[in-house]
Amino acid sequence: MTEAIIILTSIGILLFTLSFFMSNKFKVMEEQIEQLSLSTMQESYQLKKKIKILEEELLTDDVMETDFTKTTVQTPLLRKIIHLSQSGASIQTIANETNLSEYDIRSVLNQFNKES
Numbered sequence: 877m878t879e880a881i882i883i884l885t886s887i888g889i890l891l892f893t894l895s896f897f898m899s900n901k902f903k904v905m906e907e908q909i910e911q912l913s914l915s916t917m918q919e920s921y922q923l924k925k926k927i928k929i930l931e932e933e934l935l936t937d938d939v940m941e942t943d944f945t946k947t948t949v950q951t952p953l954l955r956k957i958i959h960l961s962q963s964g965a966s967i968q969t970i971a972n973e974t975n976l977s978e979y980d981i982r983s984v985l986n987q988f989n990k991e992s
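For the sequence shown, the working numbering gives the first residue as 877, with consecutive numbering after it.
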C-alpha cells in the first residue's frame with residue numbers, strides 16, 4: 877500500500893514538472909488569433925485609405941463639373957493619364973498601367989478635352 881502511494885506521488889510530481897516544459901496549446905492559439913486580428917486591422921486600414929483616395933478623386937471630379945471655380949485640380953493619377961495620352965499611348969495601355977478600366981480612361985480624357 878505504501879509502495880502504491882509512493883509510486884502515485886512520484887508520477888504526480890513527474891507529470892507536474894513535465895507540464896512546465898510542454899508547450900501551451902492555448903498560448904499558441906492565442907498568438908494565432910492575435911496575428912489574425914492584426915492582419916484584419918491592417919487590411920481594414922488599407923481599404924479605408926483606398927476608399928478615402930477614391931472619394932477624394934470623386935470629389936475633385938464633382939468640383940471640376942461645377943463651374944464655381946475654373947482652376948483645374950489634377951491628381952497624380954490624372955496627370956499620369958494625361959501624360960500617357962499626350963505621349964501617344966493607347967487607351968488599353970493607359971488602363972493597364974493605371975489599373976483602371978478603359979471606360980474610366982475614356983471618361984477622364986473626355987473630361988480633360990472639354991476643359992482644354
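We put the CB at the ideal spot given by N, CA and C, even for glycine.
- prompt: Does the distance from the C-beta atom of ILE981 to that of ILE958 stay below 8 Å?
  reply: Residue mapping note: residue 981 aligns to position 105 of the sequence shown, counting from 1. Residue mapping note: residue 958 aligns to position 82 of the sequence shown, counting from 1. The answer is no: Cβ separation not under 8 Å.
field: Nonlocal neighbours in the same chain, by C-beta distance under 7 Å from GLU879, ignoring five residues either side
entry: Position 3 of the sequence shown, counted from the start, is the residue given in the question as residue 879. Counting only Cβ-Cβ distances below 7 Å, and skipping sequence neighbours, we find nothing.
- request: Go through the segment 914-992 residue by residue and report every complete run of the alpha helix (DSSP H) that reaches 4 residues or more, in order.
  value: Runs found: 952-962, 967-974 and 978-991.
message: Once DSSP output is grouped into helix, strand and coil, what is the label at SER886?
response: Along the sequence shown, read from residue 1 onward, the residue named residue 886 stands at position 10. Here SER886 sits in helix by DSSP.
task: Have a look at ILE970 and LEU930 and give me their C-alpha separation to the nearest angstrom.
output: Along the sequence shown, read from residue 1 onward, the residue named residue 970 stands at position 94. Along the sequence shown, read from residue 1 onward, the residue named residue 930 stands at position 54. Cα to Cα, ILE970 sits roughly 18 Å from LEU930.
message: Measuring only the C-alpha atoms, how far is LEU912 from ARG955?
response: As a position in the sequence shown, residue 912 is number 36, starting the count at 1. As a position in the sequence shown, residue 955 is number 79, starting the count at 1. Going from the Cα of LEU912 to the Cα of ARG955 covers about 38 Å.
GLU919 to LYS925 span [Cα, whole Å]: Here residue 919 corresponds to residue number 43 of the sequence shown, with the count starting at 1. Here residue 925 corresponds to residue number 49 of the sequence shown, with the count starting at 1. Each residue's CA atom was taken as its position, placing GLU919 and LYS925 some 10 Å apart.
message: Given this structure, state the Cα-to-Cα distance separating THR945 from LYS990, to the nearest angstrom.
response: Here residue 945 is taken as the residue at index 69 of the sequence shown, counted from 1. Here residue 990 is taken as the residue at index 114 of the sequence shown, counted from 1. Because THR945 carries a pLDDT of 42, less than 50, the predicted location of this residue cannot be relied on, and no value is offered for it.
message: Taking its Cβ as the centre, do 16 or more other Cβ atoms sit within 10 Å of VAL904, making it buried, or is it exposed?
response: Position 28 of the sequence shown, counted from the start, is the residue given in the question as residue 904. VAL904 is exposed by the Cβ-count criterion.
- prompt: Taking DSSP as the reference, what is the three-state secondary structure of THR878?
  reply: Translated into positions along the sequence shown, residue 878 becomes position 2. Three-state DSSP puts THR878 in a helix.
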